[in-house]
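Beneath this line is the structure, given in C-alpha cells, with notes to follow.
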Amino acid sequence: MNLDLVNDLFNNLKENKIVQNFIKELSNYLENSITNNKKISDNDFSFNNINLDDLNLYGEKVIVRYRDKMLTERGQILQKYSENTKEKGEMYYIYDVNSNDNNAFNLCLGKNHQVIIKQKEELPEGATLGSVLREKNGKFVLDQEGTKCVGADINKMIKEKIEEQNQYLDSKRIEGHIYEVDEKYSGRIWLYDLNNKADEGMEGIEEIEFPKDLYETAENGDKFIYQNGEYQKYELV
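In my numbering, the protein residues as written are 4 to 240.
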C-alpha cells in the first residue's frame, strides 16, 4: 500500500481534536494492511474492516474524500450519543479487531474517542464490531438500544454521504475539459482538471467511473477529455 496515500487520507482531519486519537489508531490499522474486503448491509452497523483498496458500501464505491467525511461524522455521532445518554454510564464503541491480537477488540470512549484494548472474554456476551457498551460497577454491559440507535444513525449518514459524493463527482465531470492522470491503483484513478483556472488551483479528483479499457493502458501524465458523458483519450491535433 502507498503510505503517502494513507497519509493524505487523514491530512484534512489532523486539526479535528475530536477525532485525533480515533484517526491515529485507524491510520496505523490501514498502514499495516490487515483489513479484509467487506460490504456493509443494513444489519451491519460497525463500519469496520474496510479495505482502502476496495471501499464499497451499499454497493457503491466510496472515494477517499468521502471516506474521510464518513469517519469524521461517525466520531461526531458517537460523541453526541454519548453526551445525550451519559446518565446510562460511560459509553464505549467497538470499532475494530486489534491488529496485534485477533482475540482482542479496539474500543473508543464515546465522549472523546480515547482508545482502549480489551480481550474478547472481558466483554459481555454478544459484544461485537459496532456494539455500544456501558461501564457499570467496573464491568462492561452491552447496550442493545444504544447499538441500534448509533447503528441507524451511522447507516443514515453513510447513505447521505454516498449521495453527496455522487453529486460531487458529477460536478467534476465537465464536458470538454481535459484531465491528466496523476496516479492509479486498484481500479481507481486520480485526475487533474487542466481547464481549472490557475487562481483556483487544481484539485485532484478520484474517479471511480473510468472506462476499463482506458484504465488498463493509462499512465501518469496521460491526458483524457470528457466528451459525450465519458472519458476519451485526448489526442493533440
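All C-beta atoms in this analysis are idealised placements derived from N, C-alpha and C, irrespective of residue type, glycine included.
- Pairwise C-alpha distance: K83 and Y95: 13 Å
- G129 by DSSP, collapsed to three states: which one? Assigned with DSSP and collapsed to three states, G129 falls in coil, not helix or strand.
- Task: Would you kindly check if the distance between the Cβ of I211 and the Cβ of N61 is under 8 Å?
- Result: Going by the sequence as given, residue 61 is Tyr instead of Asn. No. Outside cutoff.
- Can you check whether the CB of K123 is closer than 8 Å to the CB of F143? Going by C-beta atoms, F143 is not nearer than 8 Å to K123.
- Touch test, the stretch 181-188 against the stretch 88-106, Cβ-Cβ under 8 Å, three pairs minimum: no
- Query: Using CA coordinates, which residue listed in S189, N59, D146 is at the minimum distance from T88?
  - Reply: D146
- Item | Residue of Y188, K226, E86 minimising C-alpha distance to D196 | When each option's Cα is compared against that of D196, the closest is K226.
- Item | Nearest-angstrom Cα separation, counted from L194 out to E166 | 21 Å
- Task: Below 8 Å CB to CB, which residues in the same chain sit around Y218 once its five sequence neighbours on both sides are set aside?
- Result: K187, G190, I192
- Query: If you drop the 5 nearest sequence neighbours on each side, which residues of the same chain put their C-beta closer than 7 Å to that of Y237?
  - Reply: I181, K226, F227, I228
- Whole beta strand (DSSP E) runs in the stretch 65-94 with 3 or more residues, listed along the chain? With a minimum length of 3 residues, no continuous beta strand (DSSP E) run stays inside the stretch 65-94.
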